[in-house]
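Asks: Residue numbers (numbering that gives the first Met the number 0), protein chains in the order written: chain A, 0 to 146; chain B, 0 to 147. Built from N, CA and C at the ideal position, the CB exists for glycine as well. Small disclaimer: the values here were computed from a predicted structure and weren't measured.
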Amino acid sequence: MPAYRGLFQQVLPAVLRTTSNQGGIINLGTPGGPPSGGTFALVVSASNTPTSLDVYIQTSPNQGTTWYDFIHFAQVGAVSSYFHAVQWSRKGQALNTTATGVTVTGDAALAQGIVLNTPIVDSYVRVKWVMVGTSYTFQIVAALDRD
Amino acid sequence: MPNYRGYVQTLVASAVQSASGNSGAINLGSITGGAPDAASFILNVTASSAPTTLDVYLQFSTNQGTTWTDFAHYTQVGAVSTNIQLIQWARRSQALNVANTADTVTGDATLAAGVVLNSPIVDNYFRVRWVIAGTSYTFSVIGILDRD
Chain A
0 MPAYRGLFQQ VLPAVLRTTS NQGGIINLGT PGGPPSGGTF ALVVSASNTP
50 TSLDVYIQTS PNQGTTWYDF IHFAQVGAVS SYFHAVQWSR KGQALNTTAT
100 GVTVTGDAAL AQGIVLNTPI VDSYVRVKWV MVGTSYTFQI VAALDRD
Chain B
0 MPNYRGYVQT LVASAVQSAS GNSGAINLGS ITGGAPDAAS FILNVTASSA
50 PTTLDVYLQF STNQGTTWTD FAHYTQVGAV STNIQLIQWA RRSQALNVAN
100 TADTVTGDAT LAAGVVLNSP IVDNYFRVRW VIAGTSYTFS VIGILDRD
């Protein structure tokens, strides 16, 4: 497949959300093929009596039966706007924790602020969020590169 | 050989393991198109019975299986019934496992827990080894592989 630079992909649309849930399965990098790396931006544009919002990006190696976090944004608190970007790469970047390549993960289990720079199953990617409070309006967009 | 991304290979199928053992020799990445450049190796412990400790190593052999060398060792699993860990491995270009040194003590089930050697391996002589204390653990190990 061809290389590309800066491919925009909306990973999760901007919607007012009132409960914890997960988005649909996406094929990351479509139509250009699995990316080598990406910038994932979590954008919160509004909230109503917010307490906390945890957003995970996950992959599944068994067609959606089990899901593993590879990104967990820093927890969003009682705010109405928030913009964080995380850097992910399949390889070649620093480990998430100094001096170890072993990380506890799972389904909404990865510590906040951690990114696993490691291969994923690109055709089974989803966003999961856990929220406390009345509502948050947020989206996730990605800028992807493929070498 | 072709490139691939996100290829899933089951290395140890989910099963109750009541004794220390190993997966037998596996040819890593063989089905899809050759030796990977990088991988996520996921250990998923889903149950246990009277557990004490579980140590899981990823190994390769340079002499067709006569002796085995650890290149990764998950953090030791204790007396729990569930645990999921992900190892990030690449043949090169990632950080060293210990700051400022590339010289690591290893062997057959001797690499320190939580250490990954981001270094070439012999892909057609790969295996998973586990050392169990306690009655049993139920676990699987899968790889998500990339080749550029």
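Going by C-alpha distance, which of B/Thr-45, B/Ala-89, B/Thr-105 and B/Thr-51 is nearest B/Ser-60?
Replies: The shortest Cα separation from B/Ser-60 among B/Thr-45, B/Ala-89, B/Thr-105 and B/Thr-51 belongs to B/Thr-105.
Asks: Once DSSP output is grouped into helix, strand and coil, what is the label at A/Thr-117?
Replies: The answer is coil: DSSP assigns A/Thr-117 none of H, G, I, E or B.
Asks: Please report the straight-line C-alpha distance between A/Met-130 and A/Tyr-55, rounded to a whole angstrom.
Replies: Roughly 11 Å separates the two Cα atoms.
Asks: Could you tell me the alpha carbon to alpha carbon distance between B/Ile-141 and A/Ala-84, rounded to whole angstroms?
Replies: Rounded to whole angstroms, B/Ile-141 to A/Ala-84 spans 29 Å at the Cα level.
Asks: The segment 101 to 134 of chain A: which residues have C-beta closer than 9 Å to a C-beta of chain B, in chain order?
Replies: So the list reads Val-101, Thr-102, Val-103, Thr-104, Gly-105, Asp-106, Ala-108, Leu-109, Leu-115, Asn-116, Thr-117, Pro-118, Ile-119, Val-120, Asp-121, Ser-122 and Tyr-123, given in the order they occur along the chain.
Asks: Where does the unbroken beta strand (DSSP E) through A/Gly-37 begin, and where does it stop?
Replies: 36 to 58 is the extent of the beta strand (DSSP E) around A/Gly-37.
Asks: So, are the CB atoms of B/Ala-111 and B/Asp-36 less than 8 Å apart?
Replies: Result no, Cβ atoms of B/Ala-111 and B/Asp-36 do not sit closer than 8 Å.
Asks: In the segment 56 to 78 of chain B, which residues sit with their C-beta less than 9 Å from some C-beta in chain D, listed in chain order?
Replies: Reference to chain D is not applicable here, since the protein chains of this structure are A and B.
Asks: How is B/Gly-148 classed by DSSP in three states: helix, strand or coil?
Replies: A query on residue 148 of chain B cannot be resolved here, the shown segment of chain B reaching from 0 to 147 and no further.
Asks: Hey, is B/Leu-53's beta-carbon within less than 8 Å of any beta-carbon in chain A?
Replies: Chain A contact via Cβ: absent.
Asks: Using a Cβ-Cβ cut-off of 8 Å, state whether A/Tyr-67 counts as contacting chain B.
Replies: Yes, A/Tyr-67 lies at the interface with chain B (some Cβ there is under 8 Å from its Cβ).
Asks: Could you give the C-beta distance for B/Asn-26 and B/Ile-83, rounded to a whole number, given that I count them as a contact under 8 Å?
Replies: 26 Å between Cβ atoms; not a contact.
Asks: Helix, strand or coil: which one does DSSP assign to A/Gln-111?
Replies: The answer is coil: DSSP assigns A/Gln-111 none of H, G, I, E or B.
Asks: Counting only C-beta atoms, is B/Arg-4 closer than 8 Å to chain A at any point?
Replies: Cβ-Cβ to chain A under 8 Å: yes for B/Arg-4.
Asks: Does B/Trp-129 get closer than 8 Å to chain A when you measure Cβ to Cβ?
Replies: It does not; no Cβ of chain A falls within 8 Å.
Asks: Using the Cα positions of A/Ser-51 and A/His-71, report the straight-line distance between them to the nearest angstrom.
Replies: If I take the Cα positions, the gap works out to 14 Å.
Asks: So the candidates are B/Gly-20, B/Phe-125 and B/Thr-81; which of them puts its Cα closest to the Cα of B/Ser-47?
Replies: Of the listed residues, the one whose Cα sits closest to B/Ser-47 is B/Thr-81.
Asks: Hey, out of A/Gln-57, A/Val-114, A/Gly-5 and A/Phe-7, whose CA is closest to A/Asn-20's CA?
Replies: The shortest C-alpha separation from A/Asn-20 is found at A/Gln-57.
Asks: By Cβ distance, which residues of its chain are closer than 7 Å to B/Thr-74, with the 5 residues on each side in sequence left out?
Replies: Counting only Cβ-Cβ distances below 7 Å, and skipping sequence neighbours, we find Gln-84, Ala-112 and Gly-113.
Asks: Just how far apart, CA to CA, sit B/Ser-67 and B/Ala-108?
Replies: It is worth fixing the name first, because residue 67 of chain B is Trp in this sequence and not Ser. Cα to Cα, B/Trp-67 sits roughly 9 Å from B/Ala-108.
Asks: Between which two residues does the beta strand (DSSP E) harbouring A/Lys-127 extend?
Replies: Taken as a continuous stretch (DSSP letters only), the beta strand (DSSP E) holding A/Lys-127 covers 124 to 145.
Asks: Quick one, are the C-beta atoms of B/Ala-38 and B/Ile-143 less than 8 Å apart?
Replies: For B/Ala-38 and B/Ile-143, yes; Cβs fall inside 8 Å.
Asks: Just checking: is the beta-carbon of B/Asp-36 within a distance shorter than 8 Å of some beta-carbon in chain A?
Replies: Yes, B/Asp-36 counts as interfacial toward chain A.
Asks: I'd like the ranges of any beta strand (DSSP E) spanning at least 3 consecutive residues and lying wholly in the segment 30 to 93 of chain B.
Replies: Taking only runs of at least 3 residues, the beta strand (DSSP E) segments lying wholly in the segment 30 to 93 of chain B are 37 to 59, 68 to 72 and 82 to 89.
Asks: Let me see if you follow: with CB-CB separation under 8 Å, is A/Pro-33 close to chain B or not?
Replies: Output row for A/Pro-33: interface = yes.
Asks: So what's A/Phe-66 in DSSP terms, helix, strand or just coil?
Replies: Looking at the sequence shown, residue 66 of chain A is not Phe but Trp. The answer is coil: DSSP assigns A/Trp-66 none of H, G, I, E or B.
Asks: Distance check for B/Ile-120 and B/Gln-58, CA to CA, integer angstroms please.
Replies: Taking the straight line joining both Cα atoms gives about 9 Å.
Asks: By Cβ distance below 6 Å, which residues in the same chain neighbour B/Thr-31 in space, the five residues on each side in sequence not counted?
Replies: Taken in chain order, the residues that qualify are Tyr-3 and Tyr-6.
Asks: With a Cβ-Cβ cutoff of 8 Å, do B/Gln-87 and A/Gly-32 count as a contact?
Replies: Going by C-beta atoms, B/Gln-87 is not nearer than 8 Å to A/Gly-32.
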